[in-house]
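Residue numbers (this note's numbering): 45 to 295. Note that beta-carbon positions come from the ideal geometry of N, C-alpha and C, so glycine has one too. Given the structure is predicted, the values throughout are model-derived calculations rather than measurements. A short write-up of the structure that comes next.
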Amino acid sequence: MKIKHIFTDMDGILLDSHGALSDTNHWSIYYSELPITLVSARSPLEMSDVVEKLQLSTPQIAFNGNLTFTQNQFGLQILDKNTLNSETVFQILDYVSNEFPKVSLNWYSLAHWYTNKQDKGTFIQKALTGLEPRIKTFDGQSEIYKIMMIVFDQNELRQLQNQLNQLEIPNVAIQQSGQWYLEITSDKRTKANAVQSILNDEALDFTQIAAIGDGHNDISLLLQIGRSAFELAISKEIKQLAIKSEFILQR
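In structure tokens form, the structure reads like this:
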């Protein structure tokens, strides 16, 4: 069946290790006749430059499926959103700050990136995105879509994830996104759910699209695809996790 829409992750797929869009990817997508949707853990603020460069008018997916939007010269049009409960944000930020003080702790509203301190993690994010965080404590006044923790020790990352899971906080999804990143969003949406909503609007199904992804947070989407495209560098770990879920990744 002919492919009618492409859905692609950004980091490690569309963007290089420095967060840059290569000329090859830029012009390949710019001149593509197919509609293209970015499906990312990033905030729309971190996606904006790429959406603008590629002149994408289709719906875009941020925060692991919990925000769907379009972008034009007037700003963003929100099509679907799911935020974290403010009490939940207070609870998680307080817990991580006290129990894992060395972890780089960040949280995101629609328009801003916040952190409680500058550290190695925030400097890396600044280099990748070209953005500056606002340093402040959470005051409950902003709608928060994502809490992101950057952990450079894999054992500590696993321990952090296990302890957060043991808290059994309702209505949240806790998942790894990349080697160093642990992210918390609403559990109301996944990347797959968000893609399905777009397909419903376009009267398409998963057999008519190509999906490109290589991260833990892409598995929900990849499991739904009948025909997929994957970069050659897709990690063995993601293949193994997908195979355990009774889905075989084919190149």
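> Would P145 be called buried (16 or more neighbouring beta carbons within 10 Å of its own) or exposed?
Replying inline: P145 sits exposed, since fewer than 16 C-beta atoms from the chains shown fall within 10 Å of its C-beta.
> DSSP three-state call for K190: helix, strand or coil?
Replying inline: In this structure, K190 counts as strand in the three-state DSSP scheme.
>> Using only the alpha-carbon positions, how far apart do I57 and E212 sit?
In response: 33 Å
> Rounded C-beta distance between K232 and N110? I'm assuming under 8 Å.
Replying inline: 7 Å
> If you pair each beta-carbon of the segment 120–133 with each one of the segment 194–204, do three or more pairs fall below 8 Å?
Replying inline: no
>> Within 8 Å, do at least three Cβ pairs link the segment 246–258 to the segment 45–54?
In response: Enough Cβ pairs lie closer than 8 Å, so yes.
> Should K48 be counted as a contact of the ligand MG given a C-beta to heavy atom distance under 8 Å?
Replying inline: Although the ligand MG was asked about, the structure shown includes no ligands whatsoever.
> Under the three-state reduction of DSSP, which class applies to N299: helix, strand or coil?
Replying inline: As shown, the chain starts at 45 and ends at 295. That puts residue 299 outside it, with no answer to give.
> Per DSSP, what kind of secondary structure is L226 in: helix, strand or coil?
Replying inline: strand
> Which of helix, strand or coil does DSSP assign to I218?
Replying inline: strand
> Since V147 contacts M193 with CB under 8 Å, what's their CB separation in whole angstroms?
Replying inline: 5 Å
>> Need the endpoints of the beta strand (DSSP E) that L123 sits in, please.
In response: G119 to K125
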